[in-house]
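In this text, residue positions in the sequence shown follow our numbering: the first is 959, and each later residue adds one.
Below is one structure, written out as structure tokens; comments come after it.
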Amino acid sequence: ETMVMVKSKVSGKIKSLHAEEGATVLRGQLLAKVEPDMAQARTVANLKSGYGRAKVSAERARQDYERDLELHEAGHISDEELRLSKDDYDIAQIEYRSALEQMELAEEDGVSMDLEAESQDILNIVSPASGSVILVEVEEGEIVTSGAVSYTSGTTLMTVADLSKMQIRAGVNEVDVGKIRFGQDVVIDVDAYPNVKYSGLITHIAPAARDEQGVKIFDVEIDIVDSDERLRPGMTANIEIQGDHKTDILTVPVEAVFKKQGRYVAYVFDGSENEPVEREVVTGISNISSVEIVEGLSEGDIVTLYDPELEGGEMSEDEERRQR
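Next comes the structure, spelled out in structure tokens:
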């Protein structure tokens, strides 16, 4: 259910890795350290120096304003001079807060902003979530690109997943999507364990279809409620969803029912030598082979699998096959 790709906020060289595949990690735990390239190091240095200058300027402006305030109360400076001193103090405070916010944002991304630290060891890659490291895609010494640059997705260092909550993503044909609903029970088996059955619940049905080789498919997410350590990401799962179910009902092959002018009809042989007669029917549930007949037919009626009104005229290949 939760799988996160871990990327670096700066471009540079992997200095050290602190987690292996299969390791269990906690949110915020150190995964790797990145030594930034020259451009990134220069940016961090500029942030540090800008913060330092803003802090000194703000403190000096505060002292100047407090001194001018005392001089103004003693009548030694004018109101205009005090106002200018206050403006300088406000501007210095704004610039200091801006520099501080930039420092804090960088630290949230794992960039060390210790003013006394060496510029080489500035980025700690930490785990964004608790779980297991299921994939490590880099080695120590490898050059990686930043994931924060808009024109590139960046290098994926690791993938962390919460294996305690497993989920299936399945594609359901548009013909069948109307038969499923949220919370519906699902029976699951995986190829690796053919004799083991798992239970699931439908938790999401995509609002729009996607095209898969000309077929409209809806993505459906299924939470596995009795997951265990045998299930792993990337396995192939087979799912069985029980839709509407009825027993002891009257059915005919789906080829025997035709839709005409908004109503459904079947053609029945009534025992005479004439052509089969049209009879309006009311249908119920259906599957790929049969359709329920609620009204209009009785058990034992003989129906055609073609439309006799088209016999002798131009018919499509499918209609000709049905007639045969």
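Beta carbons: idealized from backbone N, C-alpha and C, even for Gly.
Tell me whether residue i sits in a helix, a strand or coil according to DSSP, three-state version.
i	result
Q1051	helix
H1034	coil
R1237	strand
N1245	coil
P1165	coil
Q1021	helix
L1159	strand
A1128	strand
V1349	Limits of the chain in this structure are 959 at one end and 1282 at the other, which puts residue 1349 out of reach.
T982	strand
Which two residues bound the contiguous beta strand (DSSP E) that contains residue i?
i	result
E1132	Careful: E1132 lies outside any beta strand (DSSP E), inside the alpha helix (DSSP H) at E1132 to V1135.
T1117	T1114 to A1119
K991	L988 to P994
P1211	T1209 to P1211
I1092	G1089 to V1094
S974	G970 to L975
Give the straight-line distance between the Cα atoms of residue i and residue j, rounded to the nearest whole angstrom.
i	j	result
N1245	H1203	10 Å
K1137	N1131	11 Å
K1218	G1254	15 Å
L984	K971	24 Å
H1162	V1178	6 Å
E1192	A1119	Note on residue identity: the sequence assigns Gly, not Glu, to residue 1192. Rounded to the nearest angstrom, the two C-alpha atoms are 12 Å apart.
M1124	V1183	8 Å
D1026	K1013	20 Å
M1116	V962	8 Å
G1258	P1211	13 Å
I1146	L1093	25 Å
With a threshold of 16 other CB atoms inside 10 Å of the CB of residue i, please say whether the residue is buried or exposed.
i	result
I1180	buried
V992	buried
L1189	buried
Y1156	buried
D1206	exposed
A1043	Before going further, note that residue 1043 is Ser rather than Ala in the sequence given. The residue in question, S1043, is buried, as its Cβ has 16 or more Cβ neighbours within 10 Å.
D1169	exposed
V1240	exposed
From the DSSP secondary-structure annotation, give me the bridge partner or partners of residue i.
i	result
M961	A1119
A1289	Any answer about residue 1289 is impossible in this case: the structure gives the chain only from 959 up to 1282.
A1224	R1237
Taking 8 Å as the threshold (beta carbon to beta carbon), is residue i in contact with chain D?
i	result
L1081	No chain D appears in this structure, which consists of one protein chain only.
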